[in-house]
Amino acid sequence: FASTAHLGFDGSFPNLRINRVSYVLEKQEDNQQYYRLIRMELPFVDLSGEREEIAVELADTVESLTLTYLNEDGETLSQWDSKAEETEGILPRLVHIRLQLAGEKSRVFATTVAIQAREEEGGRK
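The sequence shown begins at 43 in the working numbering and counts up one residue at a time.
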């Protein structure tokens, strides 16, 4: 997704740069039971002409990450493919995100995000 809310560890905060943001889960090399959660940012355009990708590790003891989707009919789905015939060009109404971290006390973070989509001609979003 695209965002102007970047982590800004390079001293450029605040700025209006638009970044492509992605989140990546990587298996830990030294402990195969856990994953690392990494946020990647790549500027679409930078006034200096540079497009250096920034990677920030957010967590290093991820036990599980679960995404659950709610479609326009209120049905809960465990997968979403915007290129599949039944969901082509459609975004989910809600995405529920659940992140579980290991440690002395296992921690669970959960949130639900409403997806705002503009309506196109013909009524399809």
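We put the beta carbon where it would ideally sit given N, CA and C, even for glycine.
Note that the structure is predicted; figures quoted are calculated from it, not measured.
- Here the alpha carbons of Leu-136 and Leu-112 stand approximately 5 Å from one another.
- With a threshold of 16 other beta carbon atoms within 10 Å, Val-155 falls short and is exposed.
- Between Ala-97 and Leu-79 the beta-carbon gap is near 11 Å, outside 8 Å, which marks them as no contact.
- If you draw a straight line from the Cα of Glu-68 to the Cα of Leu-119, it is about 24 Å long.
- Ile-132 is not a Cβ neighbour of Thr-108, given a cutoff of 9 Å.
- Looking at the backbone, the Cα of Arg-149 and that of Gln-70 are separated by about 18 Å.
- Cβ contact annotation for Arg-59 (same chain, cutoff 6 Å, sequence separation greater than five): Pro-85, in chain order.
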